[in-house]
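Taken in sequence, the protein lines are chains A and B. Sequential numbering of the first sequence, starting at 1, is according to the numbering used here. Sequential numbering of the second sequence, starting at 247, is according to the numbering used here. By construction, the Cβ of each residue, glycine as well, lies at the ideal position given by its N, Cα and C atoms. Take a look at the structure below.
2 protein chains.
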Amino acid sequence: MRGAATEAGTRGFRPVAARRAFEEIARQIRERLASGALKAGDRLPPERELAGAFAVSRNTLREALRALEIAGLVELRKGAAGGAFIRAGGGEAAIAGLADLFRLGAIRPEHLTEARIIVGTEVARLASRRRRAADLAALEANVRAAEEATARGDMSARAEINYEFHRLLARATGNPVLIVLTDALMEMTRHFVNRIGYRPNRYVLPSRRRLLAHLKARDAAAAAREMETMLRRLQRWHLGAYGRGR
Amino acid sequence: MRGAATEAGTRGFRPVAARRAFEEIARQIRERLASGALKAGDRLPPERELAGAFAVSRNTLREALRALEIAGLVELRKGAAGGAFIRAGGGEAAIAGLADLFRLGAIRPEHLTEARIIVGTEVARLASRRRRAADLAALEANVRAAEEATARGDMSARAEINYEFHRLLARATGNPVLIVLTDALMEMTRHFVNRIGYRPNRYVLPSRRRLLAHLKARDAAAAAREMETMLRRLQRWHLGAYGRGR
DNA sequence: GAAGTGTAATTGGTTCAACCATTGAACACA
DNA sequence: TGTGTTCAATGGTTGAACCAATTACACTTC
């Protein structure tokens with residue numbers, strides 16, 4: 001400080017925004033989404049026209065569209081009837097974001113299995129209350145497919161069908177938060193299993209059959225118990241394999 | 247079908263990928279992250295150099311970097327010591343992705359409150375088992391700040407401090423999946439509350455005090471019960487406001 | 001020597017003007 | 001009717017240039 005008499009201090013000052021142009025553009029488009037002025041299926045004007053409207057170069061505008069595309073808000077299609085279309089959000093960005101965290105090593109296998117027990121148990125409970133006939137049919141077809149894959153020794157297909165079971169169950173709850181979360185947990189599990197290698201076990205399929213019976217009977221407590229028991233066995237199985245594998 | 251003798255069908259054919267250049271670049275960089283060749287804090291070469299290495303123009307390379315930046319994997323800094331730095335993932339992309347879903351209307355308030363009950367209850371249970379002295383101190387300071395904000399009638403600060411309580415509790419579990427998920431749920435709650443307006447209530451703070459006592463005593467069952475009861479009351483409160491407000 | 005000051009180098013941000021590649025629809029033709 | 005062709009629209013990519021922020025460093029000043 002040089003002169004106390006002229007020093008006015010810096011309180012009340014904030015760092016200037018210095019927001020990049022493409023961020024401001026993406027913000028404005030997001031705003032129209034939140035306000036309902038833009039809804040799923042709508043098409044934005046062509047890039048050249050949008051660039052003119054925002055008074056930026058086409059490159060800068062493209063970076064803004066790229067940001068929205070990665071966030072899963074718009075889909076870009078080439079060709080005569082192409083353009084930027086507003087997507088009906090399916091949560092792909094959130095799923096990819098969690099999968100990236102796992103890839104970065106921020107999430108360790110025991111965190112993943114713990115979260116799966118928490119979410120999976122409550123998904124089973126809610127699904128048994130809300131499942132419709134169509135959900136039950138889809139789940140039964142899934143278990144049958146798993147049995148067939150096991151019979152012909154196709155372990156890769158078996159793993160995929162198992163992930164799909166959890167996704168179907170989550171959809172039966174009708175809660176999109178649980179659906180997205182389950183999808184993300186399965187995506188992380190897939191990465192994890194790819195790393196340690198899939199090892200078949202004998203207790204999952206019988207558990208599935210018991211779970212289906214509870215779902216059919218709408219016995220929420222029994223369904224939750226069955227799922228929790230199965231996931232805890234799976235946790236010991238996975239973490240054992242991880243401990244030996246690392 | 248014209249000639250059954252020459253018709254071979256289309257089974258086994260799949261649409262060709264036609265991946266865009268920037269996607270392939272982002273994939274390669276992601277791969278290095280997953281393999282551990284790149285880790286948090288590392289700096290990628292300057293854009294001009296990278297563009298040369300991938301044999302693409304600088305614009306295309308920038309779209310790849312933009313994609314990685316939006317995904318939260320890298321951070322771009324200007325200036326002499328600038329460049330693309332690998333970020334220590336904090337899950338911002340996943341959080342933003344879920345918040346976008348809420349903004350798009352795919353997630354309705356009852357879905358949000360249901361998920362909060364499930365996650366919050368189990369977070370309280372795990373936190374009471376694993377909390378350390380520092381967690382307890384931070385939570386106590388938070389509750390004190392909430393009481394002060396209430397005393398001076400600052401409802402906006404009060405709301406923020408309340409969200410922070412749940413985030414702190416999630417951190418005490420030590421599970422990054424639960425941390426990211428809680429952050430995302432709080433972010434969605436903030437949007438929701440901003441829309442319907444914050445209305446103070448009298449039962450949250452007493453519940454906080456009881457919860458702190460359970461945490462201090464490491465009584466997991468009581469902590470979970472307290473949190474679940476509070477969240478269910480909050481659910482009725484919020485949904486009631488939403489029902490009248492829409 | 002310590003602290004401030006100016007300057008140059010580095011690097012991301014943006015612009016501009018092209019051209020390429022894909023897509024779908026209009027259209028001609030058998 | 002259907003089949004192939006042409007063409008306009010639109011996103012994808014390129015390359016060169018300049019702007020703007022940031023840092024490192026030599027230089028001055030006390």
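Unbroken alpha helix (DSSP H) run spanning Gly366 of chain B, endpoints
Pro355 to Arg376
Short of 9 Å Cβ to Cβ, which residues in the region 136-158 of chain A face chain B?
none
Using the Cα positions of Arg354 of chain B and Arg404 of chain B, report the straight-line distance between them to the nearest angstrom.
24 Å
Nearer than 6 Å: is that true of the beta carbon of Glu293 of chain B relative to any heavy atom of the ligand MG?
Ligands displayed in this structure: none; no statement on the ligand MG is therefore possible.
Sufficient close CB pairs (3 or more, under 8 Å) joining the region 198-215 of chain A to the region 123-139 of chain A
yes
What residue ranges within the region 27-113 of chain A form continuous beta strand (DSSP E) runs of no fewer than 3 residues, ordered along the chain?
74-77 and 83-86
By how many angstroms is the C-alpha of His412 of chain B removed from the C-alpha of Ala430 of chain B?
11 Å
Assuming Leu101 of chain A contacts Val426 of chain B (C-beta within less than 8 Å), just tell me the rounded distance between them.
7 Å
Taking Met247 of chain A and Leu98 of chain A to be in contact with their CB atoms under 8 Å, please state how far apart those CB atoms are, rounded to whole angstroms.
Given a span of 1 to 246 for chain A in the structure shown, any question on residue 247 of chain A remains unanswerable.
Contact list for the region 345-361 of chain B against chain A, Cβ threshold 7 Å
Asp346, Leu347, Arg349, Leu350, Ala352, Ile353, His357, Leu358, Glu360 and Ala361
If we count the other Cβ atoms within 10 Å of its Cβ and call it buried at 16 or more, is Asn201 of chain A buried or exposed?
exposed
Give a yes or no on whether 7 Å exceeds the smallest Cβ distance from Gly343 of chain B to chain A.
yes
Going by beta carbon distance, what residues of the same chain come within less than 6 Å of Val56 of chain A, once the five residues before and after it are set aside?
Ala21
Let me know the secondary structure DSSP gives Asp400 of chain B once reduced to three states.
coil
For Asn305 of chain B, return the contacting residues in chain A, with the cut-off set at a CB-CB distance below 7 Å.
Asn59
Residues of chain A with CB closer than 9 Å to the CB of Asn440 of chain B, please, in chain order.
Residues of chain A passing the Cβ test: none, with the nearest at roughly 11 Å.
Compare the C-beta of Gly335 of chain B with all C-beta atoms of chain A and state if any pair is closer than 7 Å.
yes
Kindly indicate if chain A contains any beta-carbon less than 7 Å away from that of Arg323 of chain B.
no
Residues near Leu372 of chain B by beta carbon distance below 6 Å, same chain, minus five either side
Thr419
Taking Ala373 of chain B as the query, report the chain A residues whose CB atoms sit under 7 Å from its CB, ordered along the chain.
Per Cβ cutoff of 7 Å: no residues; Ala373 of chain B is ~13 Å from chain A at best.
If Ile70 of chain A and Ala468 of chain B are in contact, beta carbons under 8 Å, what's the gap, nearest whole angstrom?
Incorrect: roughly 44 Å between the Cβ atoms, too far for contact.
In angstroms with no decimal places, state the Cα-to-Cα distance between Ala94 of chain A and Leu314 of chain B.
14 Å
Would you mind telling me which residues of chain A sit closer than 7 Å to Arg312 of chain B, beta carbon to beta carbon, in chain order?
Glu63, Arg66 and Ala67
At the 7 Å Cβ level, is Val56 of chain A part of the contact set with chain B, yes or no?
no
Which residues mark the beginning and the end of the alpha helix (DSSP H) in which Arg436 of chain B is found?
Pro422 to Ile442
In the structure shown, what three-state DSSP assignment does Ala221 of chain A receive?
helix
Asn175 of chain A and His484 of chain B - do their beta-carbons sit closer together than 7 Å?
no
Given a cut-off of 7 Å on the beta-carbon distance, is the pair Leu415 of chain B and Val369 of chain B in contact?
yes
How big is the Cα-Cα spacing for Glu293 of chain B and Gly83 of chain A?
28 Å
7 Å is my cut-off, CB to CB: does Glu406 of chain B come that close to chain A?
no
Reduced DSSP category for Arg445 of chain B - H, G, I as helix; E, B as strand; rest coil
coil
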